[in-house]
Amino acid sequence: MSTDSALGCFCALGSPLAVELLARSGEFDWICLDLQHGMGGFDACLAALQAASGTDITMLVRVPPGEPALASRVLDAGADGVLVANVDSREQAHTACQAAFYPPLGTRSVGATRARFLRPGYVAAATSSTHCMVMVESPVGFANIDAILDEPVTGVFVGLADLMMALGCLGADPLADNQVRDWLELTVRLCEARGLTSGIFSENPRTAASLRAMGFDLIGSGLDVSLLLSGARAQRAEYEKARTAVTPPKRTPE
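Below, the structure is given as structure tokens:
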């Protein structure tokens, strides 16, 4: 996955059609299917991965903490990688890596799966091509980040909303908080030093651009739910604007 212009979108609706449209829109470099907070389950995730087949987009899946079997299963289904939520300790990072990688790096087992049979040489190449990013989303996680990165994770994805919630300032400008800025800069610095990928999400385009300028590789700024709602609002606003400017057509005398 190139990090030159890695703008991504989270998909929480559980709609394979929405994922297909976004994947083929050409507007995003990666998509993350959300199995932690999203409305869909594994079947919808599988259908979404199938819907995105044939595109160059990187398909990631966010999985809940403490469900290593699900992490292995979505990789078997064809995901390019996983974001493992709420990782606060080296032990949790270890569990995530064990589920994501085949031996000797992990303990993921080989099965009769979609990824294996549709991608020649998949098992042999999986260790070097699979993304296993841990989501650090709390002060405890940042206190342990050095130990977390001692495991063979491929990157850190900062859960900015949960971090702000833990600090009691959800909705505030994260870049205005010195402690949060310190953690974000630490993440970028550690990832750069270890050759890992850094990622973060913000729906605010200005904040997202600032985070990119800070050095984050993957910027999540789209969310299928919000894109649908904002598109509906924009359409209504444009309609109302046009309606006030239009003069009713006059009837031609007969």
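Here the sequence shown is numbered in the working numbering, starting from 6 and rising by one per residue.
For glycine and all other residues, C-beta sits at the position ideal for the given N, C-alpha and C.
Fair warning: this is a prediction, and the values are worked out from it, not measured in the lab.
Next on the checklist: For Ser203, list the residues DSSP reports as bridge partners.
Outcome noted: Paired residues: Val161.
Checklist entry - For Trp35, which residues does DSSP report across the bridge? => result DSSP links Trp35 through a beta bridge to Gly13, Thr63.
Checklist entry - Exposed or buried, what is Leu154 when buried is set at 16 or more other beta-carbons lying within 10 Å of its beta-carbon? => result Buried is the call here.
Checklist entry - At what residues does the beta strand (DSSP E) containing Gly111 begin and finish? => result Segment: none, Gly111 is in no beta strand (DSSP E) and carries neither H nor E.
Item to check | Terminal residues of the alpha helix (DSSP H) in which Cys137 lies | outcome: Run containing Cys137: none in the alpha helix (DSSP H); it sits in the beta strand (DSSP E), 136 to 141.
Item to check | Burial state of Arg199 (16 or more Cβ within 10 Å) | outcome: exposed
Next on the checklist: Between the alpha carbons of Ala214 and Leu180, how many angstroms are there, rounded?
Outcome noted: Taking the straight line from one Cα to the other gives about 12 Å.
Checklist entry - What are the partner residues of Ile224, as DSSP defines its beta bridges? => result Leu12, Ile205
Item to check | Cβ-Cβ distance between Ala11 and Ile205 below 8 Å | outcome: Cβ distance not < 8 Å, so Ala11 and Ile205 don't count as in contact.
Checklist entry - Would the segment 180 to 192 and the segment 125 to 139 be scored as touching if the rule is three or more Cβ pairs under 8 Å? => result no
Next on the checklist: For Gly45, list the residues DSSP reports as bridge partners.
Outcome noted: According to DSSP, Gly45 bridges with nothing at all.
Checklist entry - Where Ala131 and Tyr107 are concerned, what is the direct C-alpha to C-alpha distance, given to the nearest angstrom? => result 8 Å
Checklist entry - Can Leu165 and Cys14 be called in contact, C-beta distance under 8 Å? => result Taking the C-beta atoms as reference points, Cys14 is found no nearer than 8 Å to Leu165.
Checklist entry - Taking 7 Å as the cut-off, is the CB of His42 close to at least one heavy atom of the ligand ATP? => result With respect to the ligand ATP, the structure offers nothing, as it holds no ligand at all.
Item to check | Beta-ladder partner(s) of Gly126, from DSSP | outcome: Under DSSP, Gly126 forms no beta bridge with any residue.
Item to check | Assigned exposure category for Leu26 - 16 Cβ within 10 Å defines buried | outcome: For Leu26, the number of other beta carbons within 10 angstroms of its own is below 16, and it is reported as exposed.
Item to check | Expected contact under 8 Å - CB spacing of Arg78 and Gln41 to nearest Å | outcome: Contact doesn't hold; Cβ gap of about 14 Å is too wide.
Checklist entry - What whole-angstrom Cβ distance do Gly86 and Met138 have, given they're in contact under 8 Å? => result The beta-carbon separation of Gly86 and Met138, rounded to 7 Å, stays under the 8 Å limit for a contact.
Item to check | Range covered by the alpha helix (DSSP H) that runs through Leu88 | outcome: Unbroken run through Leu88 is the beta strand (DSSP E), 86 to 89; no alpha helix (DSSP H).
Item to check | the segment 145 to 163 / the segment 94 to 108 touching (three or more Cβ pairs under 8 Å) | outcome: yes
Checklist entry - Are the Cβ atoms of Val145 and Asp93 separated by less than 8 Å? => result yes
Next on the checklist: Let's test the definition: count the other Cβ atoms within 10 Å of the Cβ of Arg113 and tell me whether it reaches 16, buried, or not, exposed.
Outcome noted: buried
Item to check | Met140 vs Asn209 beta-carbon contact at 8 Å | outcome: no
Checklist entry - Is it buried or exposed for Glu142, if we count other Cβ within 10 angstroms and need 16 for buried? => result Buried, because 16 or more other Cβ atoms sit within 10 Å of the Cβ of Glu142.
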